[in-house]
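These protein sequences, in sequence, are chains Y and V.
First residue of the first sequence? That's 77 in the working numbering, and the numbers climb one at a time after it.
First residue of the second sequence? That's 127 in the working numbering, and the numbers climb one at a time after it.
We put the beta carbon where it would ideally sit given N, CA and C, even for glycine.
Values in this document were obtained by computation on a predicted structure and should not be read as measured data.
Encoded as structure tokens, the structure appears first; notes follow it.
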Amino acid sequence: MTTAVPETRANRWLDTECEQLLVAGERDWTAAATTDWPRPTLSSHDRELGRIRCTYQWSGASTQAFAVQLLILRHVPRPQFPVADQSAEAGISSARWILSLAEDWDDNGAPAIQEDTLSRMELVVRDAVRCAVDSGLTLPEPAISPIPDGSIDVQWRWESHLLAVNVPSMPEKRPSFYATTNDGIHFGGSWDSSVALPVLAWLMA
Amino acid sequence: MADGVEEDWPTEHLPDEARLYRRVPIGFYRGRGGILDVDGKPTVGAFHDEHHPGSLSTNWERYATPEATRLQGGKNPQSNGVVRLVVRSVLQIDRVSVRHSPDRANNNRAHTDIEFPVDQALQVRTELRERCEIELKPPRDAAG
């Protein structure tokens, strides 16, 4: 006997209840099952990874039991990073030292990093963080590094995910990005406000 | 060289398990706030060569030691660090190849190029930094 899970109903329950229940504590969380769904049992959960596995079990007329197991992602709090805008500002202010790099700082003829490049880097960081905050996401403090062509790389890494954005020294060139997850999926391209949100949402899914 | 006749240095096949060394000037060990951190990995800029876009010079361990690699260039060679990469790991990066390319002009038989499309430089330096291991740290008094 097989019965399809009413997907939309399940999703609605997950959206509204799941995070709250986990915060309340796992002993209480079965209490909020909807009236026409059986009470779920918690199979496993991993707060760190943001995962819950739960099981719904029905007994049919034939007395044959069947179960549906759901793997729930994204509805529990992720590891807590410092408040996003604070971490961005901390990263930005800790990067101002790169303006003090003299020409040939790499021992191979690298140009000094220009104030204008640094300013554009700051815009990129604040833009990314604003997109993240608007979406309820948090970013750790970025690592900001000078590159021997006069550009600047910004890197955010959390868990095993990584997002790198390069801000070129030439203002007419667009920044580029490279993103990768712990399961080996990666992609890149030109970076601007319009791609920041989908990229961040994908990485944090 | 023997009796004034230069020895032939053919391009050789690099085994997957071959180790490559890359010299890293001290400037790439400055992290957050510009603080020198000789115990950590260098920053991503260490994997960018502005003079040879799409290519990165390394030394194959068969013909070079880490210490020889450290002393291979720079104003103060003793202050350099050295990182290690394994060919197999480098080849796992999309569209990257590794080629033994002996450099007769600079008397460097170990010279090996990591090659990649120029428009992929951000990905390559990001991945190479992830995959590298520290071989020789810069000396603690290297800040000078």
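Report task. May I ask you to report which of helix, strand or coil DSSP gives Y:Y254? Result -> strand
Query raised in the report: Can you name the residues that DSSP bridges to V:R156?
Result: V:L162
Requested in this report: Identify the contact partners of V:P151 in chain Y, using a Cβ-Cβ distance below 8 Å as the criterion.
Outcome: D182, D183, N184
Query raised in the report: Within the 8 Å Cβ cut-off, does Y:N258 reach chain V?
Result: no
Query raised in the report: Does DSSP classify Y:E165 as helix, strand or coil?
Result: helix
Report task. Please state whether DSSP places V:F173 in a helix, a strand or coil. Result -> helix
Query raised in the report: DSSP state of V:W135, grouped into three classes?
Result: coil
Requested in this report: Can you tell me which of the three DSSP states Y:L238 falls into?
Outcome: strand
Query raised in the report: Looking at the unbroken alpha helix (DSSP H) that takes in Y:S269, where does it start and where does it end?
Result: 269-280
Requested in this report: Consider the Cβ of Y:I189: report whether some Cβ of chain V lies at a distance smaller than 8 Å.
Outcome: no
Query raised in the report: Below 8 Å between beta carbons: does that hold for V:E261 and V:V209?
Result: yes
Report task. Counting only runs of 3+ residues fully inside the segment 183-232 of chain V, write out the beta strand (DSSP E) ranges in chain order. Result -> 207-212, 223-226
Query raised in the report: Since V:E176 meets chain Y, which of its residues come closer than 9 Å, beta carbon to beta carbon?
Result: D182, N184, G185, A186, P187, I223, P224, D225, G226
Query - Beta carbon proximity, V:T137 to chain Y, threshold 8 Å - result: no
Requested in this report: Assign V:R230 to one of two classes, buried (16 or more other C-beta atoms within 10 Å of its C-beta) or exposed (fewer than that).
Outcome: exposed
Query raised in the report: Which chain Y residues are close to V:K201, counting only those with a beta carbon under 9 Å from its beta carbon?
Result: D180, D183
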